[in-house]
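First residue of the sequence shown: 1, per full-length UniProt numbering; consecutive thereafter.
Here the structure comes first, spelled out in structure tokens, and everything after it is commentary.
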Amino acid sequence: MDLFFKYLQYEKRYSPHTLTSYHTDLGQFSQYLQQVYEITDAAEADHTIIRSWILTLVQQNIKPRSINRKIACLRSYYRFLLAQQQIKVNPMLRIKAPKASKKLPAFVEEASFNSLLDSFTFEENFEGQRDRLILEFLYGTGIRLAELIGIDHAAIDLHAKTVRVLGKGNKERVIPINDSLITSIRSYLEHKKREHSDNYSEKLLVTNRARPLYPKFVYRVVKKYISLITTSEHNSPHVLRHSFATHLLNKGADLNAIKDLLGHSSLAATQVYTHNSIEKLKSIFEKAHPKA
């Protein structure tokens, strides 16, 4: 398994988040094999044993989406074992994933988020300006949480109005930034220079102790402010990414352009936002069409 995870990290370039999830999934599968079948080597498991584990997960009311991720983990693992000639037959070829219901991406209403940025008074200190920049960066560029945390000073080009981010699979992309975001960046940098001149960090965004941001920190910041404008439980950093894409689509942006901005590898991943846009079109149709 150690060799498998090195393969995922260095050859497949999987994200740290995916690696952590796969570690958990394979650990749970290995524990099940030992407890139920007294098997210590996952290479000995056949398709019937794997099916029994999946059935156990279903009976535990694990969400289909989570089960599908665990199945994807096992698919990768057994393909790896086959390539390494550790097994002769891939047992995952006889495994079908349960169908997961497709949920529309949750997003924040455009007017509500703009009112937060325009009306809420962020404190004129390092902490206040950093929190505002976190919100503006996520909503203004649609970048992922890991991409936000990874931004360093050299990635920002205020003259060209761009930011360079490192996405999934170590794929780099350049995203345009608007004037409002540039103003927030300048304000934040001034406060950061005064507050942490002795503790320089290459990372753009840092904590109050000048350490690089970490996921839970960003989650807390986003939840704190988004909770002011919505009662929805959907108030994670990813909701601002969904909002970015949905609002662009509602304004008539090309789907391929949104795909490139989000860093999706295929258009299929981006098309989910068209459903939210269709709901918007229905609303406009019902209000405007004389025969609606």
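Note that beta-carbon positions come from the ideal geometry of N, C-alpha and C, so glycine has one too.
Just so we're clear, the structure is a prediction, and the values are computed from it rather than from any experiment.
Check	Outcome
Cβ-based neighbour list, THR162, same chain, cut-off 7 Å, excluding 5 preceding and 5 following	VAL174, ILE175, PRO176, ILE177
As assigned by DSSP and simplified to three states, the class of ARG211	coil
Alpha-carbon to alpha-carbon, ALA160 and ARG65	40 Å
Straight-line Cα distance separating LEU117 from LEU248	18 Å
Exposure of ARG144, with buried meaning 16 or more beta-carbon neighbours within 10 Å	buried
Alpha-carbon spacing of ALA106 relative to ILE39, whole angstroms	42 Å
Which residues DSSP lists as bridging VAL218, in chain order	None, per the DSSP bridge assignment.
Three-way DSSP call (helix, strand, coil) for LEU166 in this model	strand
Continuous alpha helix (DSSP H) stretch holding residue 338: start and end	Coverage of the chain is limited to positions 1 through 292, which leaves residue 338 absent and any answer about it impossible.
Length-filtered (4 minimum) alpha helix (DSSP H) runs lying within the segment 64–122	64–83, 110–119
Residues of its chain near GLU110, where Cβ-Cβ distance is below 8 Å and the 5 sequence neighbours each way are ignored	SER243, HIS247, ASN250
Counted within 10 angstroms of its Cβ, other Cβ atoms place ASP25 as buried (16 or more) or exposed	buried
Inter-residue spacing [alpha-carbon to alpha-carbon] between LYS88 and ALA72	20 Å
For HIS191 and GLN271, believed in contact at Cβ under 8 Å, the rounded distance	Not quite, the Cβ-Cβ distance comes to about 40 Å (not below 8 Å), so this is no contact.
Alpha-carbon spacing of ILE284 relative to PRO290, whole angstroms	12 Å
Rounded distance between the beta-carbons of VAL218 and LEU262, thought under 8 Å	With a Cβ gap of about 18 Å, LEU262 and VAL218 do not count as contacting.
PRO16 - containing alpha helix (DSSP H), residue span	16–32
Identity of the residue in SER76, LEU138, LYS99, ILE134 nearest LYS63 by Cα	LYS99
Short CB-CB distance (under 8 Å) between ALA83 and chain C	Looking for chain C here will not work: only one protein chain is present.
Member of ALA43, THR56, GLN60 whose CA lies at the smallest distance from the CA of GLN84	ALA43
Under 8 Å between C-beta atoms of VAL222 and LEU135	yes
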